[in-house]
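Just below is one structure, and these are the notes that go with it.
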Amino acid sequence: GTDRWLLAAGFLAHGYSVNETDQAKLDEVTADLIEAKKTMLAFDDTTFYSKLVSGEATLVHAWDGWCNYGIAENADIRFIVPAEGSDLWVDTMVVLKASKNKDGAFKFINYILDANNHRWAAENILYKVPNQAAMEGLSADMIAQYPNMGMTP
Numbered sequence: 051g052t053d054r055w056l057l058a059a060g061f062l063a064h065g066y067s068v069n070e071t072d073q074a075k076l077d078e079v080t081a082d083l084i085e086a087k088k089t090m091l092a093f094d095d096t097t098f099y100s101k102l103v104s105g106e107a108t109l110v111h112a113w114d115g116w117c118n119y120g121i122a123e124n125a126d127i128r129f130i131v132p133a134e135g136s137d138l139w140v141d142t143m144v145v146l147k148a149s150k151n152k153d154g155a156f157k158f159i160n161y162i163l164d165a166n167n168h169r170w171a172a173e174n175i176l177y178k179v180p181n182q183a184a185m186e187g188l189s190a191d192m193i194a195q196y197p198n199m200g201m202t203p
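For the working numbering, count along the sequence shown from 1 and bump the result up by 50.
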């Protein structure tokens, strides 16, 4: 969840995996982040976008798609990955074993994963999608405006 995402930067700063589970390391990173909070405007996953676009914040820990929303409003905004690295994520869809309409669920997933539909989603939500054919269909102008759309893991 979100708490884990916010801890990732602390784990990476210590050279730990973002998937670290050792309680002593978790406590160490938590203490560091609590100390760092004293010098921060905010430490969350909900207000960073508006603070970045308004100019109230000049640096945020954010998802790339949210940065694209900001870039759409302010071309000076940039998305970067620190030298220490970052986490890698992807939204997923599942069909539960107990689903009453598995056929409909699979049809919906196949519809979304169709390259044209998935490309439309990338163009409209400004997030990369895990579909190579869809991403290859994005225009050069879009990649130029939102360079992180062309980033690979």
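Backbone N, C-alpha and C fix where the C-beta goes; we use that ideal spot for every residue, glycine too.
None of these values were measured; they are calculated from a predicted model.
Asked                                                                                                                    : Found
Nonlocal neighbours in the same chain, by C-beta distance under 7 Å from residue 180, ignoring five residues either side : 140
Residue 80, DSSP secondary structure in three states                                                                     : helix
Three-state secondary structure assigned by DSSP to residue 199                                                          : helix
Alpha helix (DSSP H) segment containing residue 170, residue limits                                                      : 165 to 175
C-beta atoms of residue 98 and residue 107 nearer than 8 Å                                                               : yes
At least 3 beta-carbon pairs within less than 8 Å: the region 70 to 77 vs the region 118 to 138                          : no
Candidates 123, 122, 124 and 128: closest to residue 110 by CA position                                                  : 128
Span separating the alpha-carbon of residue 194 from that of residue 105                                                 : 23 Å
Straight-line Cα distance separating residue 160 from residue 153                                                        : 11 Å
CA-to-CA distance, residue 68 to residue 62, given in whole angstroms                                                    : 6 Å
Within 8 Å, strictly: CB atoms of residue 102 and residue 115                                                            : no
Where residue 161 sits in the DSSP three-state scheme                                                                    : helix
Three-state class that DSSP yields for residue 143 in the structure shown                                                : coil
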